[in-house]
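Asks: So the sequence shown is residues 205 to 448, counted in this note's numbering.
All C-beta atoms in this analysis are idealised placements derived from N, C-alpha and C, irrespective of residue type, glycine included.
Computed from a prediction, not measured in an experiment: that's the story for all the values here.
Okay, handing you the structure first.
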Amino acid sequence: MELLEASLAAHRAYLLGWNTGPSGSPDLPIYRSEVPHAPLNGVLRVGGRAPREALAEARHRLDGVPRIWWAGPDSDAGTADALLSLGAVRLARMPIMTLAIDKAASAPTPPWLQITETTDMFEFVPAYARVSGISPDGVAVAIERERAFSGDGTVIRLAGRLDDGQIVGTAVAWLSHDLLTLYFVGTQPEHRRRGIGAAMTRAALDLARERGIRTAALTSTAAGESVYHGMGFRTVGAFDLMSF
Numbered sequence: 205m206e207l208l209e210a211s212l213a214a215h216r217a218y219l220l221g222w223n224t225g226p227s228g229s230p231d232l233p234i235y236r237s238e239v240p241h242a243p244l245n246g247v248l249r250v251g252g253r254a255p256r257e258a259l260a261e262a263r264h265r266l267d268g269v270p271r272i273w274w275a276g277p278d279s280d281a282g283t284a285d286a287l288l289s290l291g292a293v294r295l296a297r298m299p300i301m302t303l304a305i306d307k308a309a310s311a312p313t314p315p316w317l318q319i320t321e322t323t324d325m326f327e328f329v330p331a332y333a334r335v336s337g338i339s340p341d342g343v344a345v346a347i348e349r350e351r352a353f354s355g356d357g358t359v360i361r362l363a364g365r366l367d368d369g370q371i372v373g374t375a376v377a378w379l380s381h382d383l384l385t386l387y388f389v390g391t392q393p394e395h396r397r398r399g400i401g402a403a404m405t406r407a408a409l410d411l412a413r414e415r416g417i418r419t420a421a422l423t424s425t426a427a428g429e430s431v432y433h434g435m436g437f438r439t440v441g442a443f444d445l446m447s448f
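What follows is the structure, encoded as structure tokens:
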């Protein structure tokens with residue numbers, strides 16, 4: 205339970221790093237990035253608040269941007285069902301997965317792939333935007349928010365490049381609450397099934413271990429779940445992603 209709680213806290217800290225204004229109270233933390241991409245705007249938890257009241261506040265705060273609700277283990281029991289009764293739609297159920305880094309399976313970096321840290325948001329953001337579904341008209345705002353990112357932790361951005369410098373894989377390593385949490389792990393569509401995603405994940409794990417972090421966490425999509433299981437990640441909880 206302590207590991208799950210730390211994973212949830214680190215997840216909240218990362219997404220609040222995208223926030224542009226008031227984040228609300230701990231019982232209803234809300235983040236608004238202004239990026240027109242639902243996962244980058246939303247409600248992180250609901251605790252001790254009447255669902256209808258919480259919905260009204262969230263609608264006011266998030267008006268004008270696509271958004272989601274993360275209904276997970278840090279929300280009141282029955283939150284997802286309460287939101288459904290108010291008209292929400294369940295978009296997905298996403299497992300929360302953790303791993304003891306020293307027990308991770310090997311994932312060799314292909315010899316033609318160079319993985320390095322990058323601070324160039326003008327090349328990094330378009331690369332992960334294409335994979336994650338951020339529309340072209342949202343890339344400039346995402347670059348602005350990445351450059352202004354301010355969260356309770358350390359963010360490290362990893363780019364996987366071919367010899368010609370083209371970015372074919374991305375990963376964001378978030379070091380917070382004594383955990384590595386992974387975001388934007390992705391491979392350009394034309395380069396998939398070549399071991400790039402696993403190599404990006406492994407590089408982030410190695411980086412975190414070098415900095416004294418012993419545990420990793422992530423929230424997986426359905427497409428990535430089998431890859432992470434193969435690397436040793438295990439499911440400890442789940443989020444219901446809700447939308448109105």
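Using only CA atoms, which one of Ala-333, Ala-407, Leu-288 lies nearest to Leu-445?
Replies: Residue Leu-288 is the option with its Cα nearest to Leu-445.
Asks: If contact is defined by three or more beta carbon pairs under 8 Å, each pair taking one atom from either stretch, is the stretch 386-401 in contact with the stretch 328-336?
Replies: Yes: at least three Cβ pairs fall under 8 Å.
Asks: For Arg-365, which of Val-343, Arg-271, Pro-315, Val-247 has the nearest alpha-carbon?
Replies: Of Val-343, Arg-271, Pro-315, Val-247, the residue nearest in Cα terms is Pro-315.
Asks: Would you identify the three-state DSSP class for Ile-417, choosing helix, strand or coil?
Replies: In the structure shown, Ile-417 sits in coil (DSSP, three-state: anything other than H, G, I, E or B).
Asks: Assign Glu-206 to one of two classes, buried (16 or more other C-beta atoms within 10 Å of its C-beta) or exposed (fewer than that).
Replies: By the neighbour-count rule (16 or more Cβ atoms within 10 Å), Glu-206 is not buried but exposed.
Asks: In this structure, how does DSSP classify Leu-266 when only helix, strand and coil are distinguished?
Replies: Note: Leu-266 maps to helix in three-state DSSP.
Asks: Can you tell me which residues form a DSSP beta bridge with Thr-377?
Replies: The residue asked about is misnamed: residue 377 is Ala in this sequence, not Thr. Looking at the DSSP assignment, Ala-377 forms a beta bridge with Ile-360, Leu-386.
Asks: Do the stretch 339-355 and the stretch 298-306 make contact, defined as three or more Cβ pairs closer than 8 Å?
Replies: Touching, no.
Asks: Can you tell which of Arg-398, Val-293, Trp-273, Ala-403 has its C-alpha closest to the C-alpha of Leu-248?
Replies: The candidate whose alpha carbon is nearest that of Leu-248 is Trp-273.
Asks: Between the stretch 263-278 and the stretch 236-247, are three or more C-beta pairs nearer than 8 Å?
Replies: With the cut-off at 8 Å, the stretch 263-278 and the stretch 236-247 touch.
Asks: In three-state terms, what does DSSP make of Leu-232?
Replies: Leu-232: coil per DSSP, three-state reduction.
Asks: Using a 10 Å radius around the Cβ and a threshold of 16 neighbouring Cβ atoms, would you call Glu-350 buried or exposed?
Replies: Classification of Glu-350: buried, given that the 10 Å Cβ count is 16 or more.
Asks: Nearest-angstrom Cα distance between Gly-416 and Leu-379?
Replies: Near 10 Å, if we compare the C-alpha coordinates of Leu-379 and Gly-416.
Asks: Anyone know if the C-beta pair for Arg-294 and Thr-322 falls short of 8 Å?
Replies: No; because the gap between Cβ atoms is not below 8 Å, this pair is not in contact.
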